[in-house]
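Novice: First, the structure itself, so that you have it in front of you.
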Amino acid sequence: LEFYRGTRARRGVTGEGVARAFIRLVNRNRRRYGGYLVHLGILFVVFGVAGSWNYRREATASLRRGEIMGIGGYELTFRDTFSRGIRNADQFGAVVDVRRGGRNLGPLYPARNFYPPPQEPSTEVDIRSTLAEDLYLIFLEFDPRTGIALFKAFVNPLVSWIWIGGIVVILGAHFAVLPDRRRERAWQTAESVLPDRPDRPGRRPIPATAAVEGEGGG
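Residue numbers 10 to 227, in my numbering, belong to the letters of the sequence shown in order.
Quick look at the structure:
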């Protein structure tokens, strides 16, 4: 709201376009508007943390190929398994199709990585992220005798807003501390035209005795 009011007021005075008026307004008040951005970013972070903690959902399911698990309005269908070699490890994972509201959202590929001994296997989570929420899918285990795979899924709302808020905070803080080149040039110009004074930085005051001797010698 403050950005809108300031831009509108400047346009009324200068007749500039919206973009030019906004840019010049912000450049003339960097600390002020940088501070606004920092506060806005903090609000985004708080909003995201509150949503992700209070509305988080999770589900665990054992599925055969073609079976479906549901969570948060999503339908997750276990299609098949896959294996491949990656980065000094053997990866074994699952192909899981994601649908919501009758719309196909594409597959996820959660997996487990098996390293040479003595290293322990690691889990590779696959994520579908939007501004509204993140869907996390974990492939826990697979029994080749029965063809049953164990999955764990999480839906965390508003997680993306935590990252967006952090970026806005950093940008706002950086913008607020940027030097104003126009003011620096004005200060340098003023310094160049000021008469030499003993109390100016970089000037050594003349001792009183030296001044008296100089007058006496004249």
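Cβ coordinates follow ideal geometry from the N, Cα and C atoms, glycine included. Since the structure is predicted, the reported quantities are computational estimates derived from the model, not experimental observations.
Check the C-beta distance from Asn-122 over to Pro-130 and give it rounded, since I have them as a contact under 8 Å.
Specialist: Along the sequence shown, read from residue 1 onward, the residue named residue 122 stands at position 113. Along the sequence shown, read from residue 1 onward, the residue named residue 130 stands at position 121. Indeed they touch by this definition, with Cβ atoms about 6 Å apart.
Novice: Please state whether DSSP places Glu-193 in a helix, a strand or coil.
Specialist: Translated into the one-based positions of the sequence shown, residue 193 becomes position 184. Legend: pLDDT at Glu-193 = 49, less than 50; position of this residue unreliable, value from coordinates given subsequently. Reduced to three states, the DSSP call for Glu-193 is helix.
Novice: Might you give, ordered along the chain, the residues of its own chain that have their beta carbon closer than 6 Å to the beta carbon of Phe-101, omitting 5 neighbours on each side?
Specialist: Position 92 of the sequence shown, counted from the start, is the residue given in the question as residue 101. Only residues of its own chain outside the window of five on either side were considered, and among them Ser-92 and Arg-121 have a CB closer than 6 Å to the CB of Phe-101, listed in chain order.
Novice: Rounded to whole angstroms, how far is the Cβ of Arg-73 from the Cβ of Gly-156, which I believe are closer than 8 Å?
Specialist: In the sequence shown, residue 73 corresponds to position 64, counting from 1. In the sequence shown, residue 156 corresponds to position 147, counting from 1. Right, the Cβ-Cβ distance comes to about 5 Å (below 8 Å), so this counts as a contact.
Novice: In the structure shown, what three-state DSSP assignment does Arg-40 receive?
Specialist: Along the sequence shown, read from residue 1 onward, the residue named residue 40 stands at position 31. The answer is helix: DSSP assigns Arg-40 an H, G or I state.
Novice: With H, G and I counted as helix, E and B as strand and the rest as coil, what does DSSP make of Ala-199?
Specialist: Here the question's residue 199 lines up with position 190 in the sequence shown. The pLDDT assigned to Ala-199 is 46, lower than 50, so where the model puts this residue is not dependable; a value taken from the coordinates is nonetheless given after this. The answer is helix: DSSP assigns Ala-199 an H, G or I state.
Novice: Would you report the Cα separation of Arg-88 and Trp-62, rounded to the nearest angstrom?
Specialist: The residue you call residue 88 lines up with position 79 of the sequence shown. The residue you call residue 62 lines up with position 53 of the sequence shown. Spanning the two alpha carbons is a distance of roughly 31 Å.
Novice: Using only the alpha-carbon positions, how far apart do Gln-128 and Val-54 sit?
Specialist: The residue given as residue 128 occupies position 119 in the sequence shown. The residue given as residue 54 occupies position 45 in the sequence shown. Roughly 37 Å between the two C-alpha positions.
Novice: Evaluate Ala-103 with the Cβ neighbour count: other Cβ atoms within 10 Å of its Cβ, from every protein chain shown; 16 or more gives buried, anything less gives exposed.
Specialist: Here residue 103 is taken as the residue at index 94 of the sequence shown, counted from 1. Its Cβ being crowded by 16 or more others within 10 Å, Ala-103 is buried.
Novice: From the DSSP output, in three-state form, read off Val-134 for me.
Specialist: Against the sequence shown, residue 134 aligns to sequence position 125. Val-134: coil per DSSP, three-state reduction.
Novice: Here's the rule I'm using: 16 or more other beta-carbon atoms within 10 Å means buried, otherwise exposed. How should Tyr-83 be labelled?
Specialist: What you label residue 83 is simply residue 74 of the sequence shown in a count that begins at 1. Classification of Tyr-83: buried, given that the 10 Å Cβ count is 16 or more.
Novice: Look up Thr-155 in the DSSP assignment and say whether it is helix, strand or coil.
Specialist: If you number the sequence shown from 1, residue 155 lands on position 146. DSSP places Thr-155 in the coil class of the three-state scheme, outside both helix and strand.
Novice: Tell me which residues share the same chain as Ala-70 and place their Cβ nearer than 7 Å to its Cβ, disregarding the 5 neighbours each side in the sequence.
Specialist: For the purposes of this step, residue 70 is taken as residue 61 along the sequence shown, with counting starting at 1. Answer for Ala-70: Met-78 and Phe-160, listed in chain order.
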